[in-house]
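To keep things clear, I will list the structure first and then write my remarks on it.
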Amino acid sequence: MRRALSALAVTVIGVVWIVTFRVTPVPVDASSQLSPSQPTARTTAPRQPVPTQPAGTTTSGQGGDGSYTGSKIRTVYGDVQVKVTVSGNKITDVQPLVLPSDRARSAYISQVAGPMLRTEAITAQSSSIDIISGATYTSIAYKRSLDSALKQAHLG
Amino acid sequence: MGMPITVDVRDPHADPAALDAVFAELRHLDELFSPFKSESAVTRINDGRLALADAPVLVHEVLALCADYERRTRGFFSPWHAGHLDPSGLVKGWALARASAILDARGHRDYFVDGAGDVWASGHRAPGAPWRVGIRHPVERDKVVRVVLASDLAVATSGTYEKGDHIYDPHTGRPATALLSLTVTGPGIVDADVFATAAFAMGDGALEFIEAQPGHEAYAIDRELRGRWTTGFEALCER
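These protein sequences, in sequence, are chains A and B.
Under the numbering used here, the first residue of the first sequence is numbered 1, with each subsequent residue one higher.
Under the numbering used here, the first residue of the second sequence is numbered 1001, with each subsequent residue one higher.
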């Protein structure tokens, strides 16, 4: 039995904890994308439907498959802009196009302190997994840009 | 907080009412702690509309925990940024732990709770089979770099993609930039989550810090896309 709150109930498993941004910033449904044979049934009904975005939203007008670029949002750290890729009425990826530049980065590079443990060049794998652990964006500006992109995709 | 939460219960007699209780609790916590909600306790404290002394007891519980972690992480974890209170870094793991406690109290055993990529994996995905938790590749985001086999294990990742720095070193007020991603495993989701955030801010000292935390392991990815890990990490991974 799997359940989550979701704004995009039919596409994305997840709860959105703020009302003003209705879309989860995590585009990847780890289980359905990487492990298609889930043994358990999945609840797809929205737990708390958002009135402006009913479950089973269909694309129409200029929505549909493709990429949608969100508005550029200004923050004190710099501009933020994201691009959303939609396929089959699902969000398949959210890519940051513009993010605040890093003024302090150079000061940190190659300050290798302490003992080096084992090192490897990381390799990308497509494994069958249950859950993905990974950092996600949580900034307001990111969500605003995402929100505007999803409106264009008729998903927001 | 703005984060997606997934709960997946595999117990054969899973109780939908338990999930109702879990999500009611999460909503309640969000009402208290969301920095994005104009009427949350955190927002009202920052606006000066709510005195700390008058804040709900759960807020005091969180602030006490924050102070404890601030000490244990030598100040690398802090609920304060630029003069504003933002305990989100602790509240996420803490909320997941409270969700887990609700499921435990109702007799559930085999489940996971996942809050924006920070995971508490209880029991097994199927008899004899641990949960498979992938560590996201920081660039090729639909891929993973390692698979942790988790049973009664927390897996928390802090990081940034490309230029999206969003964890700040509280000592300098600047974004932490030495690492792209830091995954911490351990026996509790609150520790793992807070340690991941704090150690990420430590940058190159991250693995040494985690190495010193009993029961915890870590996998760090640096800006050159190199992985490094603590001595016990490999034993947790699928081979």
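Cβ atoms here follow ideal geometry from the backbone N, Cα and C, with glycine treated the same way.
Whole alpha helix (DSSP H) runs in the stretch 1048-1099 of chain B with 4 or more residues, listed along the chain? 1057-1072
Classify VAL1190 (chain B) as helix, strand or coil using the three-state DSSP reduction. What you label residue 1190 (chain B) is simply residue 190 of the second sequence in a count that begins at 1. It is helical.
ILE1135 (chain B) beta carbon less than 7 Å from that of THR1183 (chain B): Here residue 1183 (chain B) refers to the residue found at position 183 of the second sequence. Here residue 1135 (chain B) refers to the residue found at position 135 of the second sequence. Against a cut-off of 7 Å, the Cβ pair of ILE1135 (chain B) and THR1183 (chain B) comes out as a contact.
Got a sec? Which residues, its chain only, sit under 6 Å from CYS1066 (chain B) by beta carbon, not counting five neighbours each side? Working through the second sequence from its first residue, we reach residue 1066 (chain B) at position 66. These residues qualify, in order along the chain: PRO1079, PRO1087 and LEU1090.
Just to confirm before moving on: does the CB-CB distance between ALA1156 (chain B) and ALA1196 (chain B) stay below 7 Å? Within the second sequence, the letter at position 156 stands for residue 1156 (chain B). Within the second sequence, the letter at position 196 stands for residue 1196 (chain B). The answer is yes: Cβ separation under 7 Å.
By alpha-carbon positions, which one of B:VAL1113, B:ARG1228 and B:ALA1201 ends up nearest to LEU1026 (chain B)? Along the second sequence, one-based indexing puts residue 1026 (chain B) at 26. Of the listed residues, the one whose Cα sits closest to LEU1026 (chain B) is B:VAL1113.
When A:ALA153, A:GLY134 and A:SER148 are compared against LEU1180 (chain B), the one with the closest alpha-carbon: Position 180 of the second sequence, counted from the start, is the residue given in the question as residue 1180 (chain B). Looking at the Cα atoms, A:GLY134 is the closest of the given residues.
Are there 16 or more other CB atoms within 10 angstroms of the CB of THR123 (chain A), so buried, or fewer, so exposed? Numbered from its first residue, the first sequence carries residue 123 (chain A) at position 123. That one is exposed.
Taking GLU1234 (chain B) as the reference, which of B:GLU1217, B:ILE1221 and B:GLU1224 has the closest Cα? As a first step, residue 1234 (chain B) is located in the second sequence; it is residue number 234 there, counting from the start. Residue B:GLU1217 is the option with its Cα nearest to GLU1234 (chain B).
I'd like to know if THR119 (chain A) contacts chain B, where contact means its C-beta is closer than 7 Å to some C-beta of that chain. What you label residue 119 (chain A) is simply residue 119 of the first sequence in a count that begins at 1. Yes - at least one Cβ of chain B is within 7 Å of the one on THR119 (chain A).
Answer yes or no: does any C-beta atom of chain B fall closer than 7 Å to that of ALA124 (chain A)? Within the first sequence, the letter at position 124 stands for residue 124 (chain A). Answer yes: the Cβ-Cβ gap between ALA124 (chain A) and chain B drops below 7 Å somewhere.
Less than 7 Å between CB atoms is the rule here; does SER133 (chain A) satisfy it with respect to chain B? The residue labelled residue 133 (chain A) in the question sits at position 133 within the first sequence. Output row for SER133 (chain A): interface = yes.
Which two residues bound the contiguous alpha helix (DSSP H) that contains PHE1023 (chain B)? Residue mapping note: residue 1023 (chain B) aligns to position 23 of the second sequence, counting from 1. Per DSSP, PHE1023 (chain B) belongs to the alpha helix (DSSP H) from 1016-1033.
DSSP has ALA943 (chain B) in a bridge; who is on the other side? Any answer about residue 943 (chain B) is impossible in this case: the structure gives chain B only from 1001 up to 1239.
Taking a contact to mean a Cβ-Cβ separation below 7 Å, would you say ALA1201 (chain B) touches ASP1169 (chain B) in this structure? Counted from its first residue, the second sequence places residue 1201 (chain B) at position 201. Counted from its first residue, the second sequence places residue 1169 (chain B) at position 169. Yes.
Could one say the Cβ of ASP65 (chain A) lies closer than 7 Å to chain B's Cβ atoms, at least one of them? Counted from its first residue, the first sequence places residue 65 (chain A) at position 65. Not an interface residue.
Using a Cβ cut-off of 9 Å, pull out every chain A residue sitting near GLU1140 (chain B), in sequence order please. Position 140 of the second sequence holds residue 1140 (chain B). Ordered by position in chain A, the residues that pass the 9 Å Cβ test against GLU1140 (chain B) are ALA124.
How is GLY1215 (chain B) classed by DSSP in three states: helix, strand or coil? As a working mapping, residue 1215 (chain B) is identified with position 215 in the second sequence. Three-state result, GLY1215 (chain B): coil.
Alpha-carbon to alpha-carbon, VAL1194 (chain B) and LEU1096 (chain B): For the purposes of this step, residue 1096 (chain B) is identified with residue 96 of the second sequence, where counting begins at 1. For the purposes of this step, residue 1194 (chain B) is identified with residue 194 of the second sequence, where counting begins at 1. One C-alpha to the other measures close to 12 Å.
Please identify the residue among B:ALA1129, B:THR1172 and B:ASP1020 whose C-alpha is closest to the C-alpha of ARG1106 (chain B). As a working note, residue 1106 (chain B) is residue 106 in the second sequence. Among B:ALA1129, B:THR1172 and B:ASP1020, the Cα nearest to that of ARG1106 (chain B) belongs to B:ASP1020.
Find out if the Cβ-Cβ distance for the pair TRP1131 (chain B), VAL1190 (chain B) is shorter than 7 Å. In the second sequence, the residue the question calls residue 1131 (chain B) occupies position 131. In the second sequence, the residue the question calls residue 1190 (chain B) occupies position 190. Cβ atoms of TRP1131 (chain B) and VAL1190 (chain B): not closer than 7 Å.
So who's on the other strand from ALA121 (chain A), going by DSSP bridges? Along the first sequence, read from residue 1 onward, the residue named residue 121 (chain A) stands at position 121. Answer is B:ARG1226, bridged to ALA121 (chain A).
With 9 Å as the limit, tell me which residues of the stretch 1126-1154 of chain B have their beta carbon closer than that to any beta carbon of chain A; keep them in chain order. ALA1126, TRP1131, ARG1132, VAL1133, GLY1134, ILE1135, ARG1136, HIS1137, PRO1138, VAL1139, GLU1140, ARG1141, ASP1142, LYS1143, VAL1144, VAL1145, ARG1146, VAL1147, VAL1148 and ALA1150
Could you check whether the Cβ of ARG1226 (chain B) sits closer than 7 Å to any Cβ belonging to chain A? Against the second sequence, residue 1226 (chain B) aligns to sequence position 226. Output row for ARG1226 (chain B): interface = yes.
Cβ atoms of TYR1069 (chain B) and PHE1076 (chain B): under 7 Å apart, would you say? Taking the first residue of the second sequence as 1, we reach residue 1076 (chain B) at position 76. Taking the first residue of the second sequence as 1, we reach residue 1069 (chain B) at position 69. Contact flag unset, no.
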